[in-house]
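Under our numbering, the first residue of the sequence shown carries the number 19, and numbering increases by one thereafter. Just so you know, even glycine gets a beta-carbon here, dropped at the ideal spot from N, CA and C. Predicted model, so just to flag it, every value in this text is computed and none were measured. Below is one structure, written out as structure tokens, with a few remarks after it.
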Amino acid sequence: MRLSSSSGNGVKLFNADYKTRRRFLAATAAMLAVSSFVLLFCNRQDAAASGSKQTANVLIITGIDHPAHNWRQTAPVLAEVLRKDKRLDVRVAEDPHLLDSSALRRYDVVVLHFMNWQQPAPGPKARANLLKFVQEGKGLFVIHFGCGAFQDWPKFRNLAGRVWDPKARAHDPGGPFRVNITDVSHPITKGLKSFDTEDELYTCLTGDRPVDMLATARSKVDKKIYPMAFAFDYGKGRVFHSALGHDVKAISNLSAAELFRRGCAWAAGLTPVQKTKKKTTGDK
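Now the structure itself:
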């Protein structure tokens, strides 16, 4: 009887210990699962907040322009300039009417490298597509005479920040001038030095939307200061606009090219890579 009683107590104790261990292990597993979820959520939130996106699909829209702008030469050079940031997967479309397509949503940034000179601009569907694209969180990069596209679309003035005013003096004669970095704290221009370039100094931009002015230049003709690059948020998206980039030489300028890469990356939601070239004559 004593043995039987002892064995019964042992079984009861064993069962109690076993149940306790099971409850403990179940509780521990639950806590680990919750902790893992919270950690994953926090990491994703931190990544989103810090702009730690890894790659971006970029679409350069070209195919028509003013006769003074040889897009067949400049578009491939611009693409190569942007591709030097290995995170940017760059494609070129030689038809602005691709803006009509739902395929636009595959991209993170649209680069407007066209001006519909004496031709109809892409119509209502393309315009609605482009607005929605940026408003919902994608990026827009307007370069040089892209500011002159969509002249019959009032909303483009707000989307591009500044647009070409056909009644204004267009630009200084093409030649050398100084581009002054005016915002050294913005992610696009942080660490970038003022630089010399040979380009068209645009004096024709008009618009009053608040923007972050990144770079300016002083006209040799009227001595006034004009915007060369600026950026701003548009809805959930971002817009980078540069008046620079008239021809292959202007786009290939090392500092201008870096400005374009940084601006495109920023518009895509990436952290701009700072690879400022070594100081050369003319840099400050």
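Taking only the alpha-carbon atoms, compute the straight-line gap between residue i and residue j and give it to the nearest angstrom.
i, j, result
"Gly281", "Pro290", "7 Å"
"Gly225", "Glu276", "26 Å"
"Ser203", "Gly179", "20 Å"
"Asn176", "Phe250", "11 Å"
"Lys254", "Ala283", "16 Å"
"His84", "Ala144", "21 Å"
"Pro205", "Asp265", "26 Å"
"Asp230", "Val160", "15 Å"
"Tyr252", "Gln153", "6 Å"
"Lys102", "His87", "23 Å"
"Gly193", "Ala93", "21 Å"
"Met133", "Glu216", "21 Å"
"Gly142", "Leu116", "Checking the sequence shown, residue 142 turns out to be Pro, not Gly. Distance between the alpha carbons of Pro142 and Leu116: 13 Å."
"Lys285", "Glu112", "With the sequence shown as reference, residue 285 is identified as Ala, and Lys is not the correct amino acid for it. Going from the Cα of Ala285 to the Cα of Glu112 covers about 22 Å."
"Trp135", "Cys165", "12 Å"
"Ile82", "Gln292", "32 Å"
Thinking C-beta only, is residue j closer than 9 Å to residue i?
i, j, result
"Trp89", "Ala139", "no"
"Leu219", "Lys241", "no"
"Asp183", "Leu223", "yes"
"Lys211", "Ser273", "yes"
"Asn147", "Asp118", "yes"
"Val108", "Ala121", "no"
"Phe151", "Val128", "yes"
"Gly263", "Lys71", "no"
Residues in the same chain with beta-carbon distance under 8 Å from residue i, minus the five sequence neighbours each way, listed in chain order, please.
i, result
"Gln270", "First, the residue type needs correcting, since residue 270 is Ser and not Gln in the sequence shown. For Ser270, where only same-chain residues beyond five positions count, the Cβ hits under 8 Å are Val95 and Val99."
"Ala235", "Phe195, Arg196, Val197, Asn198, Leu219, Ile243, Tyr244 and Met246"
"Thr221", "Ala186, Arg187, Ala188, His189, Asp190, Ser237, Val239, Asp240, Lys242 and Tyr244"
"Pro228", "Phe250"
"Gln137", "Ile82"
Grouping DSSP H, G and I as helix and E and B as strand, with all else coil, what is residue i?
i, result
"Leu262", "coil"
"Thr73", "coil"
"Ala283", "helix"
"Val232", "A small fix is needed here, since residue 232 is Leu in this sequence, not Val. The answer is strand: DSSP assigns Leu232 an E or B state."
"Pro194", "strand"
"Ala93", "helix"
Could you pull out every residue in the same chain whose Cβ sits closer than 6 Å to the Cβ of residue i, ignoring the five residues on either side in sequence?
i, result
"Thr73", "Arg105"
"Thr207", "Ile199, Asp201 and Leu232"
"Val56", "Because Val56 carries a pLDDT of 35, less than 50, the predicted location of this residue cannot be relied on, and no value is offered for it."
"Val310", "Here the chain covers residues 19 to 302 and nothing more, so residue 310 does not appear."
"Arg123", "none"
"Gln91", "Val266"
"Asn168", "According to the sequence provided, residue 168 is Phe. The question's Asn does not apply to it. The answer, listed in chain order, is Ala139 and Phe174."
Report task. Kindly provide the ranges of any alpha helix (DSSP H) runs that are 4 or more residues long and lie completely inside the stretch 133-190, ordered along the chain. Result -> 142-153 and 173-178
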